[in-house]
Amino acid sequence: MNRQPSNIAATFALAAVLAGAGMSAGHAQEAAPPPRQHWSFAGPFGTYDPEQLQRGFKIYREVCSTCHSLKLLSFRNLADPGGPGFTEAQAAAIAATFQVTDGPNDQGQMFQRPGKISDNFPPPFANAQAAAAALGGKVPPDMSTLAKARSYEWGFPQFVFDAFTDYQEDGPDYIHAIINGYTTPPKGFVLPPGGQYNKYFPGGAIGMPQPLHDGQVKYTDGTPETLDQYGRDVAAFLMWAAEPKLDERKQLGFQVMIFLIVFTGLLYFTKKKVWHDVELHPELETPRAPTEYKA
Amino acid sequence: MSGHPTYQPQSPFMKWMERRLPIASLVYSSFIAYPTPRNLNYWWTFGGILTFMLTVQILTGIVLAMHYTPNVNLAFDSVEGIMRDVNYGWLLRYIHANGASFFFVAVYIHMARGMYYGSYKEPREVLWILGVILFLLMVATGFMGYVLPWGQMSFWAATVITNLFSAIPVVGHGIVTWLWGGYAVGNPTLNRFYSLHYLLPFVIAGVVVLHIWALHMVGQNNPTGVEPKDDRDTVAFTPYATVKDAFFVGLFCIVFAYFIFYIPNYLGHSDNYIPANPSQTPTHIVPEWYYLPFYAILRAIPSKLLGVTALATSILVLAFMPWLDTSAVRSANYRPLYRQFLLIFFVAVVGLGYLGSQEPVGGYVLAARFLTAYYFGFFFVILPLLGLFERTRPLPNSISESVLKHGAPIGASAPPPAGGQGGRP
């Protein structure tokens, strides 16, 4: 037994050297890591801030919706609990400002009508080809799940810490970073035609022109009308769009955790009681159900 | 199944039943009176945890299937419909998706325990091989389940993995076309994966019955690897093993629930929230975390055919462990060298898992090749040779003797060890 620790140590050392060689060779991160923001919905007790979601929705409606669809959401969702907190009447009023294609009618024609609360958000373009044709060949992604469809590779060991600190906000951090990431390209960077430089976008060249500028969207509640704030608000709104049941999930989760911890504690003491005699008197024959052991 | 059922029906109905279908005495002898070694540690609770997880996956899966649509144009949206419009659909889906991961967590611990304590050795070879079959079925089921949401990773994982079969000489491409049901991954592929994903869990449940049957024929192994000799070595399954299992299922559920409720997308890949797009390849295609060690082995080998062969061998070799291991001693606690090589093996597998998640460039490839060599070296060189050269430590004469030696409480009078230290070479 005494000569083996050196064995194991040598092997680990070799493995570590090889792993080290791997790490130095392999890491070529393309884009800057998105700065982590403070989110009201982060952490085990996080909830969405309805006012922030309303501001974010205003940005979506006035800016993003020109190009990006939100097809998995319907207007009724705006009045759902754990959402932006619009009343049903408000949601219906918002729906009525959109034109929705319906039909076919009795004459077999498709027709336009004002939106109803049960309608999904209508897309800005009839189809992907129309979007691509209008926007220089690129189809803007649908925004329904966007905040969960974007992330950043934090690598080891950060990804381990993130499990313990409950970090699930890659998506909104990334969206906020993109909104704020338009800068002049570094020297020697060749922008492809129609591209913009964004330091947080993988590869650096993003097709979307800078969508927001300071003061562009008017806030009525006194919130600063800055790019930084816009980025946070629209990212929060998109997180809600992608994960509308987050409030309910975290609330139920707390109840489940309390139950499981108490229940498992009780199981532990039950186990202790059941095994008490066996562990106290290991020399004795153990109590058993009446059976004959077949060796 | 084993032992003598001593269930004595009391009520007239149970007496009547016992003569026609003795299910009560079967349950009694298998899950109540069944003798389990008294020294089992908590690593032995993962069999129960796996049974629990299989049940969770089947129950949530059946409800999810009621709301899911296996069509390339509707699958992604129907999964999002589950998340948004089905009552507690988000909960069912997050349980099911994270449940797959935790199923694999449990099975890897279960397998590691079997390797550490030599649970694959005579007379448990068939039990062990059934376990390898279960693992293969789990791998297939998990893979097909991952394809169903029809996100970018679903589609591209399906493309990459099914393409592995094209490495087979002559018939490879024909097999791939046959698997796809067309000339690319498409609607027929999704439909058959859905069908098989629903079928295989019940096949797993059937093989689990065989696995438990085999277990009850040969009895459980234990940390000493010494077979129980008399009644002092065992305790009844109920309440002793059941309550211990229940406690650990509870602990396991706490971790499981933390993932479901607080970091439900941590183990997934964000690209799978982008609908599948056959004309756009993601920058990195990575499988789910539980396949990463095998993926690293596949990519460590420059030739496609050899890589696929290595991938298949890396799992199938487990089935041959009972014969590759030449040592007569089961438990690694009494095999100092095997213990170290095995612990290094576990580290190597984790290392391969990390490398599988990284791009195969430069030093990563080198490291993956080194660890792959160790992986196979462990099975084909170390295991057979160790049995011939290793000096094992003396085994206890019985389970109860080892229990007494370890934790004899004050005041307990230990009987003197019987005989000499058998097993010393």
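If you read the sequences in order, they're chains B and Y.
Position one of the first sequence corresponds to residue 1204 (our numbering), numbered consecutively onward.
Position one of the second sequence corresponds to residue 4 (our numbering), numbered consecutively onward.
For each residue, glycine too, the CB sits at the ideal point set by N, CA and C.
#1: Count the other CB atoms within 10 Å of the CB of ALA331 (chain Y); is the residue buried (16 or more) or exposed (fewer)?
#2: Using a Cβ cut-off of 8 Å (strictly closer), state whether ASN44 (chain Y) contacts chain B.
#3: So, with DSSP's three-state summary, where would you put ARG333 (chain Y)?
#4: Which chain D residues are close to LYS247 (chain Y), counting only those with a beta carbon under 7 Å from its beta carbon?
#5: With a threshold of 7 Å on Cβ separation, who are the neighbours of THR1426 (chain B) within its own chain once the five nearest residues in sequence on each side are excluded?
#6: Since ALA1350 (chain B) and PRO1375 (chain B) should fall inside the 8 Å C-beta cutoff, what is the C-beta to C-beta distance between them, to a whole number of angstroms?
#7: Taking CB distances under 8 Å as the criterion, tell me whether ALA1336 (chain B) reaches chain Y.
#8: In or out: ASN1308 (chain B) buried (at least 16 other Cβ within 10 Å) or exposed?
#9: Run through chain Y and tell me which residues come within less than 8 Å of ILE1464 (chain B), C-beta to C-beta.
#10: Would you verify that the beta carbon of PRO392 (chain Y) is, or is not, closer than 8 Å to some beta carbon of chain B?
#11: Given a cut-off of 8 Å, decide if ASP274 (chain Y) and MET156 (chain Y) are closer than it, judged by their beta-carbon atoms.
#12: Taking Cβ-Cβ distances shorter than 8 Å, what residues in chain B pair up with ALA2 (chain Y)?
#13: Would you kindly work out how many angstroms separate the C-alpha atoms of ASP1305 (chain B) and PRO1343 (chain B), rounded to a whole number?
#14: Could you tell me the alpha carbon to alpha carbon distance between GLY366 (chain Y) and ILE98 (chain Y), rounded to whole angstroms?
#15: Could you tell me which residues DSSP puts in a beta bridge with TYR1400 (chain B)?
#16: Find the residues of chain Y that neighbour LYS1351 (chain B), judging by a C-beta separation of less than 7 Å, and give them in chain order.
#17: Using a Cβ cut-off of 7 Å, which residues of the region 89 to 109 of chain Y contact any Cβ in chain B, in chain order?
#18: Out of Y:ALA335, Y:PHE158 and Y:GLY253, state which residue places its alpha-carbon closest to the alpha-carbon of VAL1465 (chain B).
#19: Using three-state DSSP, classify PHE348 (chain Y) as helix, strand or coil.
#20: Which residues does DSSP list as the beta-bridge partners of TYR111 (chain Y)?
#21: Excluding sequence positions up to five away, which residues of its chain have a Cβ less than 7 Å from the Cβ of PHE251 (chain Y)?
#22: Given this structure, state the Cα-to-Cα distance separating GLY1311 (chain B) from TYR71 (chain Y), to the nearest angstrom.
#23: Tell me the rounded alpha-carbon separation between GLY1229 (chain B) and ALA299 (chain Y).
#24: Here's the rule: buried if 16 or more other CB atoms are within 10 angstroms of the residue's CB, otherwise exposed. What is ILE413 (chain Y)?
#25: DSSP puts PHE373 (chain Y) in a beta bridge; with which residues?
#26: By the 10 Å Cβ neighbour count, where 16 or more other Cβ atoms means buried, how is ASN1280 (chain B) classified, buried or exposed?
#27: On the criterion of 16 or more Cβ atoms from any shown chain inside 10 Å, does MET69 (chain Y) qualify as buried, or is it exposed?
#28: Measuring only the C-alpha atoms, how far is ARG1435 (chain B) from MET1442 (chain B)?
#29: So which residues on chain B does GLU83 (chain Y) lean against when the C-beta distance must stay under 8 Å?
#30: Would ASP1450 (chain B) and GLU1254 (chain B) qualify as a contact pair, given that the criterion is a beta-carbon distance under 8 Å?
#31: Look at the alpha carbon of SER28 (chain Y) and the alpha carbon of ASP234 (chain Y), and state the distance between them as a whole number of angstroms.
#32: Tell me whether THR1300 (chain B) sits in a helix, a strand or coil according to DSSP, three-state version.
#33: Comparing alpha-carbon positions, which option in B:MET1460, B:GLU1428, B:ASP1345 and B:PRO1325 lies nearest PHE1248 (chain B)?
#34: Which residues in chain Y have a C-beta closer than 7 Å to the C-beta of ALA1366 (chain B)? List them in chain order.
#35: Pick helix, strand or coil for ASP1305 (chain B), following the three-state DSSP scheme.
#36: In the DSSP assignment, the beta strand (DSSP E) including THR162 (chain Y) goes from what residue to what residue?
Here's the rundown:
#1: Position 328 of the second sequence holds residue 331 (chain Y). Exposed: under 16 other Cβ atoms inside 10 Å.
#2: What you label residue 44 (chain Y) is simply residue 41 of the second sequence in a count that begins at 1. Answer no: the Cβ-Cβ gap between ASN44 (chain Y) and chain B never drops below 8 Å.
#3: By 1-based counting over the second sequence, the position of residue 333 (chain Y) is 330. In this structure, ARG333 (chain Y) counts as coil in the three-state DSSP scheme.
#4: Given the protein chain composition of this structure (B and Y), no chain D is represented.
#5: As a working note, residue 1426 (chain B) is residue 223 in the first sequence. Around THR1426 (chain B): ARG1258 and GLN1432.
#6: Position 147 of the first sequence, counted from the start, is the residue given in the question as residue 1350 (chain B). Position 172 of the first sequence, counted from the start, is the residue given in the question as residue 1375 (chain B). About 6 Å separates the CB atoms of ALA1350 (chain B) and PRO1375 (chain B); that is less than 8 Å, so the two are in contact.
#7: Reading the first sequence from its first residue, position 133 is the one you call residue 1336 (chain B). Not an interface residue.
#8: Numbered from 1 along the first sequence, position 105 holds the residue referred to as residue 1308 (chain B). The residue is exposed, with fewer than 16 neighbouring Cβ atoms inside 10 Å.
#9: Reading the first sequence from its first residue, position 261 is the one you call residue 1464 (chain B). Contact annotation for ILE1464 (chain B) against chain Y: ILE257 [CB-CB distance below 8 Å, chain order].
#10: As a working note, residue 392 (chain Y) is residue 389 in the second sequence. The sequence given here places Phe at residue 392 (chain Y); Pro does not occur at that position. So no, PHE392 (chain Y) is outside the interface.
#11: As a first step, residue 156 (chain Y) must be located in the second sequence, where it is residue number 153. As a first step, residue 274 (chain Y) must be located in the second sequence, where it is residue number 271. Yes; because the gap between Cβ atoms is below 8 Å, this pair is in contact.
#12: Since the first residue of chain Y shown is 4 and the last is 428, residue 2 (chain Y) is not available in this structure.
#13: Along the first sequence, read from residue 1 onward, the residue named residue 1305 (chain B) stands at position 102. Along the first sequence, read from residue 1 onward, the residue named residue 1343 (chain B) stands at position 140. Those two C-alpha atoms are separated by around 24 Å.
#14: Position 363 of the second sequence, counting from 1, holds the residue named residue 366 (chain Y). Position 95 of the second sequence, counting from 1, holds the residue named residue 98 (chain Y). When rounded, the distance between both Cα atoms is 37 Å.
#15: Numbered from 1 along the first sequence, position 197 holds the residue referred to as residue 1400 (chain B). Residue pairing for TYR1400 (chain B): DSSP places it in a beta bridge opposite B:ALA1408.
#16: Numbered from 1 along the first sequence, position 148 holds the residue referred to as residue 1351 (chain B). By Cβ distance, chain Y contributes ASN268, SER273 and TYR276.
#17: Answer in chain order: TRP93.
#18: The residue you call residue 1465 (chain B) lines up with position 262 of the first sequence. Taking the Cα of VAL1465 (chain B) as reference, the smallest distance to any Cα among Y:ALA335, Y:PHE158 and Y:GLY253 is reached at Y:GLY253.
#19: Walking along the second sequence from the start, residue 348 (chain Y) turns up at place 345. Here PHE348 (chain Y) sits in helix by DSSP.
#20: Residue numbering aside, residue 111 (chain Y) sits at position 108 when the second sequence is read from its first letter. Its beta-bridge partners do not exist; DSSP assigns none.
#21: Start at 1 with the first residue of the second sequence, and residue 251 (chain Y) comes out as number 248. Answer for PHE251 (chain Y): TYR45, THR48 and ILE52, listed in chain order.
#22: As a working mapping, residue 1311 (chain B) is identified with position 108 in the first sequence. As a working mapping, residue 71 (chain Y) is identified with position 68 in the second sequence. Their backbone Cα atoms lie some 31 Å apart in a straight line.
#23: The residue given as residue 1229 (chain B) occupies position 26 in the first sequence. The residue given as residue 299 (chain Y) occupies position 296 in the second sequence. Note that GLY1229 (chain B) scores a pLDDT of 37, beneath 50, so its modelled location is shaky and nothing firm can be said.
#24: In the second sequence, the residue the question calls residue 413 (chain Y) occupies position 410. Low confidence applies to ILE413 (chain Y): its pLDDT is 40, below 50, so where it sits in the model is not reliable enough to give any reading.
#25: Translated into the one-based positions of the second sequence, residue 373 (chain Y) becomes position 370. DSSP lists no partner for PHE373 (chain Y).
#26: In the first sequence, counting from the first residue as 1, residue 1280 (chain B) sits at position 77. Answer is buried; the Cβ neighbour count reaches 16.
#27: Mapped onto the second sequence, residue 69 (chain Y) falls at position 66. Flag for MET69 (chain Y) reads exposed.
#28: Taking the first residue of the first sequence as 1, we reach residue 1435 (chain B) at position 232. Taking the first residue of the first sequence as 1, we reach residue 1442 (chain B) at position 239. Each residue's alpha carbon lies about 10 Å from the other.
#29: To locate residue 83 (chain Y), count along the second sequence from 1; it is residue 80. Per Cβ cutoff of 8 Å: LEU1275, SER1347 and THR1348.
#30: For the purposes of this step, residue 1450 (chain B) is taken as the residue at position 247 of the first sequence. For the purposes of this step, residue 1254 (chain B) is taken as the residue at position 51 of the first sequence. No, the Cβ-Cβ distance between ASP1450 (chain B) and GLU1254 (chain B) is not below 8 Å.
#31: As a working mapping, residue 28 (chain Y) is identified with position 25 in the second sequence. As a working mapping, residue 234 (chain Y) is identified with position 231 in the second sequence. Straight-line Cα distance between these residues: approximately 21 Å.
#32: Walking along the first sequence from the start, residue 1300 (chain B) turns up at place 97. THR1300 (chain B) falls in the coil class under three-state DSSP.
#33: Counting from one through the first sequence, the residue named residue 1248 (chain B) turns up at place 45. Here the closest residue by C-alpha is B:MET1460.
#34: The residue you call residue 1366 (chain B) lines up with position 163 of the first sequence. Residues of chain Y whose Cβ lies closer than 7 Å to the Cβ of ALA1366 (chain B) are, in chain order, ILE266 and TYR269.
#35: Walking along the first sequence from the start, residue 1305 (chain B) turns up at place 102. Here ASP1305 (chain B) sits in strand by DSSP.
#36: In the second sequence, the residue the question calls residue 162 (chain Y) occupies position 159. First-last for THR162 (chain Y): 155 to 166, but that is the alpha helix (DSSP H), not the beta strand (DSSP E).
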